[in-house]
Each structure stands twice: as structure tokens, then as C-alpha cells.
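Protein chains in written order, with our numbering: chain A, 4 to 211; chain B, 17 to 814. All residues carry an ideal CB built from backbone N, CA and C; glycine is no exception.
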């Protein structure tokens with residue numbers, strides 16, 4: 004199994020998406036210049052605390068029944084919603100991205116009353132950057148598989164949603180050897196650092 | 017090589033279409049190694065070559081896209097050189113001399129450090145092995161393609177240049193946002209690759225032909241090499257449950273014409289294209305006269321993700337000088353100890369203050385400059401998008417840094433010192449950098465402008481022999497301290513003026529030298545900068561953290577019309593506007609100021625405004641009820657109407673909290689405190705959940721309503737919550753959970769409380785909690801902090 008580790012992912016942050024996560028509405032929200040400057044400075048500070056890393060691996064689907072998906076490497080996912088999501092896929096990609104420890108620590112410190120405004124900005128920046136990193140990893144695989152006349156479906160599915168239980172996070176964590184990226188898993192299947200996300204996506208064949 | 021360039025002058029060189037998708041159509045099964053399968057099934061590959069040749073391709077690509085050591089290792093242990101040699105020879109056998117054969121080189125599938133596990137030299141070596149096989153097999157030229165990472169493209173290009181002098185093209189693959197996966201835009205890639213020696217540059221894959229037009233248009237005005245394009249047959253689309261490339265041959269040909277009119281010189285197809293696409297393309301394109309290269313040379317620098325085109329008629333270019341240990345104890349000690357945090361800080365700070373380029377100098381006693389310069393250049397390439405100026409007098413250190421630098425750098429500097437000039441010119445040329453011409457000779461500093469001019473002429477004439485043009489050079493005007501030589505500043509101005517007006521070349525000065533030994537150095541520097549700009553100076557090495565200097569430079573640009581109409585100046589110094597809250601015809605009272613501070617989230621001044629209000633005679637109880645609570649409630653209303661968003665809501669709440677805390681001494685033993693004690697709210701994030709930012713927001717906002725919040729923290733057991741309920745008898749218990757797995761613990765708390773005979777109301781919130789979930793055990797649901805306030809108010813005792 005050829006796990007791809009991405010030791011450093013550089014992504015231009017999308018200010019629009021970060022603002023949108025914070026509830027900014029282009030048509031309705033009124034922000035004066037001073038407030039905008041303060042928020043932008045906080046976003047900049049938050050971005051300095053982000054160190055994006057990631058990993059991903061392609062795994063062929065061996066069999067799909069009505070209740071479970073069997074992948075090579077003896078990996079089995081039991082989830083009807085995931086089965087539906089991966090309809091017509093030949094392979095899955097397991098992916099993970101983390102924003103590193105610093106931003107999580109800063110969120111914790113600031114949300115405990117030190118500077119809650121900054122904490123919510125940190126939270127939005129961390130979430131957005133990890134999300135963008137997952138999109139980046141999917142694009143990486145999409146570029147890789149294009150020559151095989153395949154493509155990566157544009158969506159992803161994470162453990163903890165629908166009937167794809169959170170304990171599947173353990174399988175993904177093990178398979179991707181996330182320990183090597185400095186990511187740990189608690190006995191309740193929570194990823195540490197906090198701003199870490201794993202997901203499953205699929206690879207389909209281009210028919211023509 | 018000359019042959020291909022000549023062809024491109026006369027006509028558009030028609031390339032081939034897709035190989036991979038054609039192989040699959042013609043029977044190659046899924047999951048096999050395409051290169052090995054082709055060697056086992058040569059007839060299929062031969063048929064594809066013949067079809068493209070018959071369709072009109074002037075060139076076909078070898079089926080060696082993945083024939084490198086990294087990719088082949090996924091399928092077994094293979095002889096890389098042999099496979100490349102055999103596949104190239106196969107292509108040659110089929111097309112003979114009718115077609116050119118391009119040795120195809122694809123990405124390794126692993127990133128180069130710092131993005132991935134491969135060192136830069138590993139990557140160069142892996143590519144070299146493949147290049148050697150392709151050359152042995154008889155490739156006419158080398159086609160590096162589908163590159164997502166500019167550093168990997170550089171490694172492949174260096175591998176080719178160090179192996180052969182054959183024609184080499186490099187094409188990158190851009191996402192629809194106009195950047196490669198690693199963030200490089202087409203113009204930046206062009207600047208980096210053509211200066212590094214690519215004979216053609218362009219784009220392939222990812223996009224269809226219509227999307228590629230804009231990439232080509234970005235590159236053409238700056239291209240000194242032919243442009244190449246190999247678009248996909250559109251973007252795969254889902255049609256009746258099947259995904260397919262939709263664009264037919266005629267439509268493809270229509271856009272191909274547009275591509276040629278935009279400036280493409282070498283055109284073919286990538287994924288999904290077929291011999292039919294190439295045939296139609298040829299029909300349309302062969303009637304059009306191509307535009308050859310518009311530039312012979314270009315004055316431009318690049319990083320991996322940004323470029324800077326240097327134009328003497330444009331605003332001043334600021335080169336941040338701060339990463340230089342001379343006279344900087346903290347930085348020097350850090351570098352001596354192999355640390356980099358100060359460098360990181362200086363990179364960020366200079367970029368934020370408006371530097372356009374960053375000078376990197378690590379020369380100090382006790383620092384291994386050869387290693388450190390390379391390391392800092394790699395670090396800076398990651399930390400900033402600004403192009404770099406590599407500053408060292410050690411050619412070996414500069415070479416190591418240039419080799420790994422992922423853009424086109426400016427070398428600082430090359431003088432007429434005989435022992436070093438040739439070496440410096442050689443390496444600067446090899447890596448395609450620009451350089452600062454320092455008009456010094458073995459005799460030392462020029463005594464006046466005439467000697468400086470002589471030195472400039474001499475170094476320039478030497479550099480021409482290496483192929484440099486004036487566009488590749490920036491002349492250092494040599495700013496010297498007037499404290500030691502009062503006439504030096506005037507001589508420098510003469511040099512700048514001559515270079516700019518007569519010799520027509522860019523100029524730079526190390527500005528702070530001029531004020532050495534003088535008082536008020538910032539004023540001195542800023543004044544000299546303005547004078548030098550008026551003489552034509554277009555670049556300066558200076559401290560971008562000096563506001564005086566940056567402002568003067570911008571003002572001078574506006575005055576001498578390099579910033580046309582002063583637009584940039586005005587946008588930098590536009591007056592702040594703030595929202596009007598108090599009607600203009602009414603005087604602002606101290607209470608208004610408190611209200612405005614809460615509405616605007618002015619944490620810095622709120623204490624002073626509260627103090628002013630109290631001193632003006634406002635009673636603390638009234639200030640809370642008539643001023644502060646209405647203000648924070650107004651914030652809640654604005655949030656609900658989306659006129660405020662989360663940071664505004666929270667900062668207002670924090671401002672209110674500061675005001676409350678400040679008022680406490682004035683409120684002791686009075687009505688408000690009694691009210692607070694009557695209204696206790698318990699907050700907790702339930703067991704096994706460690707997320708508490710949402711709960712902390714609710715705590716902050718609810719507290720501002722004058723209730724006493726007992727915040728039990730995160731990961732709190734049901735038993736502990738029950739114990740606290742019994743102790744405090746709250747008006748409301750608020751529970752938070754972020755995850756589906758911990759959400760169930762909310763139910764446990766509520767069930768246990770009912771079992772213990774407690775009838776207190778519960779309020780639930782958190783990302784995964786829904787209204788129906790909360791209502792299923794009779795709890796209130798708060799979607800956010802404002803909703804939590806509304807629910808809390810419902811239960812408050814008067």
C-alpha cells in the first residue's frame with residue numbers, strides 16, 4: 004500500500020470562506036473599516052499558527068454488499084450511507100489533514116476567557132484550512148488517476164456522520180499511519196490535534 | 017533544437033493526443049503498468065502512433081509518462097533506462113523520420129521536500145536516469161509534462177539540462193482556478209522555467225481548450241520561448257450515469273484555433289483526445305500563421321507562487337533588508353545556533369509591511385554560510401510568496417541556494433573582482449537568475465561616477481558573453497556614507513541618473529548606507545530615497561518596517577507619476593470610516609460612549625467610558641439596565657439579522673463583560689447582585705467531549721444578562737452535573753456536545769436528573785445537536801449564543 008504523506012501543504016487561504024464560516028453575509032453584514040482591520044489581523048495571526056500536513060492512500064474496493072464495503076488490506080466499513088456515497092466507485096481514497104498543534108492550543112487558551120473573539124477566528128481559520136487541505140489532497144489524487152482514465156468524485160465522507168460510525172476513525176488512522184504526522188487518536192476516537200480531519204472519497208472510471 | 021525552434025517560427029507544431037485513454041480503448045486492462053503492458057503489446061501502441069501520425073501530428077510522445085524509478089517501483093523491480101530506451105525506440109521505428117519523437121517525462125508521484133519525502137537531488141537523479149534512457153532510444157526532444165509542483169518541474173528540467181542539450185519543453189497542469197495544485201500561476205511558472213532554460217513552456221491536462229486560453233494569454237506577453245498547450249477534451253461530465261469527456265473533435269478544433277490566436281506555438285491534446293481531435297485541429301490550425309515569441313528577454317523575478325515584473329516606469333520596488341545578521345545580535349546568535357524563529361518573524365513582518373522582495377544574507381562569523389543560506393532560502397520559499405534576493409559574496413553558497421530555490425532569484429551581487437566574476441556569472445546563468453551589478457573592481461570602490469560607469473560597462477560586456485541582457489541586470493548605484501565622503505551621495509545620483517536615462521537599465525541602492533554616522537537616520541534615508549527616485553531609481557534595499565521611508569517612497573512615486581494619479585498612494589492612506597450610531601445633531605454623552613463601545617466591541621476603551629459615565633453621575637444599576645443591556649441586546653438583534661457576524665457578536669460580549677467586571681465594586685450589595693444570585697445557570701460540555709468553544713461563547717453571552725454562570729468545564733460526568741444542580745438550584749442547565757458519540761451523554765444527564773427528582777429545565781446545544789433531539793427529552797434547543805440568551809431570559813426570575 005502506497006501511502007502518500009504530504010509533509011507540508013501550502014494553500015492560499017480563502018478570506019471569503021473564513022468569513023463565511025464566521026457567519027459573514029456579503030449582502031447583510033455591516034463591518035466598519037476598523038473592525039475589518041482587527042478581524043483581518045486576527046486571521047493573519049491565526050494563519051501563522053497553521054502548519055498543514057496530510058496523508059492519503061488509494062485502496063481498491065473488493066466487494067460491496069448491502070451493508071458493508073470490503074477493501075483490500077482486510078479493511079471493512081459497515082455503513083449504508085457510505086455504500087450509497089461510493090456507488091459505482093472502483094477504489095476509495097482514505098485521506099487526512101491536520102493543521103498542527105499550535106492552532107489547537109491557541110484555541111483552547113483563548114476560548115477559556117482570554118480572548119474569545121480571537122478563539123472563534125482561530126477556530127474558523129483552523130477548520131477552513133484543514134478542509135482546504137483535504138480538497139487539495141483529493142485534487143492531488145485526481146491528477147494522479149486521470150492518466151488511468153479515472154477521476155476522484157468531488158465529495159468526501161467522514162466518520163461520525165450518518166451510520167458511518169466514529170470508531171471507523173481508528174481504521175483510517177491506522178491505515179494512513181497518522182502517528183507519523185503527529186496525529187493521535189483517543190480511546191473515544193477523537194483526533195488530536197483538534198484541527199485534524201479524516202475522510203473517505205471514491206475513484207470512478209471515466210467511461211469513454 | 018534549432019530545427020524545432022525554426023519550425024515554430026513558421027507554423028504551429030502539431031503534437032499528438034492522449035495515449036493513456038487510447039490504450040484503454042484499445043484493450044489495456046485496468047490496474048496494469050502502462051509502460052510494461054505496451055512493451056508486451058507493442059502492436060497496440062504502434063497503432064496509436066500510426067493513427068496520430070496519419071492524423072497530422074508533427075510529433076508523437078513516447079509512452080513513458082510513468083517510466084521513472086518511483087512509479088515503476090509500484091509494479092515491480094524494473095530497469096528504468098532499458099524501459100525508456102525500448103519504448104522510445106519503438107516510437108522511432110513506427111514514425112521513422114516523418115515525425116519528431118518526444119521523450120515523455122511525467123511527475124514522480126511523490127513530492128519534493130518540504131512538501132514530500134524526496135530531496136531535490138534525489139528527484140534530479142531519478143529524472144536523469146529516465147532522460148538517459150530516452151536519449152539512448154533516440155528521442156528528438158524531451159517533453160516534461162503534467163507537472164503540479166514547480167520545484168519538481170525544475171528538478172526535471174535541471175536533469176535534462178545536465179544530461180543533454182536537446183530541445184526541452186515543460187508544461188504544467190493548472191486547476192480551473194488558474195494555479196497548479198501547489199499554487200503556481202502560469203506567468204510565474206513561465207518566468208521560472210524559461211529563465212532556467214526550458215525551450216518551450218506551457219500547460220497540459222486538467223482543463224479543456226477554452227479554459228486554457230486564459231492561461232496562454234497570461235503568458236504570451238512575457239514569453240521568450242514558444243508556448244505549448246495540450247488540453248483535455250473538455251472536462252469529464254456525468255451523462256446518463258456514465259462519466260465521459262464530452263468535447264468532440266470539431267468543438268475541440270474550434271477552441272484550438274482560439275488557442276493559436278492567443279499565442280500557442282505547439283498544440284496537441286491530452287486526456288480524452290483522439291486521432292480524430294488531432295485531425296480536426298490540424299485542419300483548422302494549419303491555416304493560421306503563428307505568433308512567435310514577443311520578448312527576447314524579460315526583467316522579472318518569481319517565487320513558487322508569485323512573480324514581479326520589473327518595469328522602470330512602475331512604482332519603486334522595495335527589497336526588505338532585515339534578514340542580514342550584520343549589526344543584529346539576536347539574528348546573528350540564532351543563525352550561529354542553527355535556529356530560525358527570528359528569520360521567520362522578519363520574513364512575515366517585512367511582507368506585511370509591504371516589501372516586494374526579500375534579501376537573504378546569513379553571512380556572520382560562526383555560521384556555515386553554504387549550508388545556512390540554502391536552508392534559509394528553502395525556509396523563506398515556504399514562509400513567503402515574495403521572490404528572494406540571494407545575498408552573498410561566496411559563489412558556492414549562492415550556487416547551493418539557487419539550485420534549490422523554486423523561483424527566479426536576484427543574485428546580490430556580481431562585481432568585477434577577477435577571482436569571482438566569471439564563476440558568479442556562470443552559476444547565475446545556469447540557474448536563470450537576475451543579478452545586481454556592483455560596480456566595484458579589484459581596485460575597490462570607484463572613486464567617482466566616471467570610474468563607476470567604466471566598471472558597469474566592463475561587467476555588462478562580460479555578462480553578455482554568458483547571454484545576459486540588460487533586462488537581467490540591476491545596477492547598484494553604490495550609496496556610500498556621506499559622513500565619511502560628503503560628495504558620495506551626489507556621485508551615486510549621477511550613476512542612477514545615467515543608468516536610468518542613458519544606459520536604460522534598472523538601478524538599486526542599499527539605502528541605509530548613506531546615513532551611516534548621521535543623526536535622524538530614518539529622515540535622512542527617506543529624503544535621499546525621494547531624491548534618488550527623482551533621478552530614476554526603481555529599486556531600493558531598505559527597511560520596510562520604517563513607516564517614514566515607505567510613505568516617502570509611495571509619495572515620491574505619485575509625484576513623479578510612476579503611481580499614475582497617486583491611486584496607490586491614496587488607497588494606502590485612505591481615511592478610516594466608522595459607522596454612525598449617534599445622530600449627528602446630538603451631542604455624544606458618556607453613556608452613549610459606553611453604548612457605542614459595546615456595539616462596536618471596543619474592549620480597549622470601555623473601562624474609561626464606564627468610569628466617565630459613573631463620574632458624570634450615572635447610577636451603576638441604571639448604566640447596566642438602561643445602557644449596557646440594551647446595547648448588548650441590540651448586538652443580538654443585529655446578529656440575528658446577519659448585520660453582525662460571529663466575531664462582532666463575541667467582541668461586543670467581551671466588551672460588555674469587561675464593563676460588568678469594572679462596575680462590580682459599584683454594584684456590591686445592591687439589587688443587581690441579588691438578582692444575579694437568584695438566577696444561576698449551570699454550563700457544561702458533557703462527558704468524553706473536549707470541545708468547549710461553543711459552551712464558552714454561551715457562558716460569555718448569558719453572563720452578560722446579569723445571571724450567575726457556574727461553568728463546570730468540559731468532559732463533565734453526569735454525576736458531577738447532578739451534584740452541582742443540587743447545590744446551586746439553577747434556573748437552567750446548559751449542556752454542550754460537538755460529536756454524535758458524545759451527544760448521547762446529554763440524555764444520560766437528563767435521565768439521571770429526573771431519576772433523582774430534579775425538575776430543572778435543560779438547554780442543549782452544539783454542532784450535532786438538533787431541535788428535535790433536544791425536544792425528544794423535553795429540553796430547550798439553542799442554535800447559537802443569541803438563542804441561548806433568549807432562552808435564558810425566559811427562565812430568569814425578576
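Return the residue from the list B:758, B:729, B:568 and B:812 that minimises the CA-CA distance to residue 748 of chain B. B:812
Do we get a CB-CB distance below 7 Å when we pair residue 61 of chain A with the residues of chain B? no
For chain B, check one thing: does any of its Cβ atoms lie closer than 7 Å to the Cβ of residue 209 of chain A? yes
What does residue 786 of chain B reach in chain A if we use C-beta pairs closer than 9 Å? Residues of chain A passing the Cβ test: none, with the nearest at roughly 13 Å.
From the DSSP output, read off the bridge partner residues of residue 138 of chain B. In the DSSP output, where bridge partners are listed per residue, residue 138 of chain B has none listed.
Decide yes or no for the touch test of the segment 55 to 74 of chain B against the segment 286 to 293 of chain B: beta carbon pairs closer than 8 Å, at least 3 of them. yes
List in chain order: all unbroken beta strand (DSSP E) runs of 3+ residues lying wholly within the segment 468 to 503 of chain B. 489 to 492
Assigned secondary structure, residue 161 of chain B (DSSP; H/G/I helix, E/B strand, else coil): strand
Among A:49, A:193, A:40 and A:123, nearest to residue 102 of chain A - alpha-carbon criterion: A:49
Distance CB(residue 369 of chain B)-CB(residue 561 of chain B) smaller than 7 Å: yes
Which same chain residues end up closer than 6 Å to residue 26 of chain B when comparing Cβ atoms and leaving out the 5 residues on each side of it in sequence? none
Check distances from the C-beta atoms of the segment 121 to 143 of chain B to those of chain A and list, in chain order, the residues that come in under 9 Å. 122, 123, 125, 126, 127, 129, 130, 131, 132 and 133
Which listed residue (A:192, A:166 and A:38) has its alpha carbon closest to that of residue 87 of chain A: A:166
For residue 40 of chain B and chain A, any beta-carbon pair shorter than 7 Å? yes
Compare the C-beta of residue 196 of chain B against all C-beta atoms of chain A and say whether one is closer than 7 Å. no
Which residues in chain A have a C-beta closer than 7 Å to the C-beta of residue 663 of chain B? List them in chain order. 25, 42, 120, 123 and 124
Mind pulling the chain A residues with CB within less than 9 Å of residue 660 of chain B? 26, 32, 33 and 34
Rounded C-alpha distance that separates residue 594 of chain B from residue 34 of chain A: Residue confidence is low: residue 594 of chain B scores 39 on pLDDT, short of 50, so the model does not pin down where it sits. Its coordinate-derived value is still stated next. For residue 594 of chain B and residue 34 of chain A, the distance between alpha carbons rounds to 9 Å.
Give me the Cα-Cα distance between residue 591 of chain B and residue 133 of chain B, rounded to the nearest whole angstrom. Only weak support is given to the placement of residue 591 of chain B: the predicted model assigns it a pLDDT of 48, under 50, and the value that follows is read from those uncertain coordinates. Straight-line Cα distance between these residues: approximately 49 Å.
From this set, B:720, B:700, B:272 and B:658, which residue's C-alpha is nearest residue 676 of chain B's C-alpha? B:720
Does the separation of the CB atoms of residue 124 of chain B and residue 86 of chain B fall below 7 Å? yes
Should residue 10 of chain A be flagged as near chain B, meaning a C-beta pair shorter than 7 Å? yes
Per-residue DSSP class, three states only, for residue 206 of chain A: strand
Reference residue 493 of chain B; option with closest CA among B:500, B:253 and B:523: B:523
Beta bridge counterpart(s) of residue 710 of chain B as assigned by DSSP: Note: residue 710 of chain B sits in no beta bridge, so no partner.
Since residue 2 of chain A and residue 179 of chain A should fall inside the 8 Å C-beta cutoff, what is the C-beta to C-beta distance between them, to a whole number of angstroms? Past the boundaries of the shown model lies residue 2 of chain A; chain A is included only from 4 to 211, so the question cannot be answered.
Using the beta-carbon of each residue, which ones in chain A are nearer than 8 Å to residue 81 of chain B? 150
Could you confirm whether any beta carbon from chain A is found closer than 7 Å to the beta carbon of residue 625 of chain B? no
Hey, which unbroken runs of the beta strand (DSSP E) at 3 residues or more fall wholly within the segment 67 to 101 of chain B? 75 to 77
Beta-carbon of residue 594 of chain B versus every beta-carbon of chain A: anything under 7 Å? Residue placement at residue 594 of chain B is poorly supported in this model, since its pLDDT is 39, which falls under 50; the coordinates still yield a value, given next. Residue 594 of chain B counts as touching chain A.
Quick one: grab the DSSP three-state call for residue 6 of chain A. coil
Which residues in chain B sit within 8 Å of residue 191 of chain A, going by Cβ to Cβ distance? 704, 757 and 758
Which of the three DSSP states, helix, strand or coil, is assigned to residue 177 of chain A? helix
List the residues that DSSP assigns as beta-bridge partners of residue 94 of chain A. A:63 and A:206
Members of the segment 84 to 105 of chain B that neighbour chain A once the beta carbon cut-off is set at 8 Å: 90
Which residues bound the alpha helix (DSSP H) around residue 550 of chain B? 537 to 550
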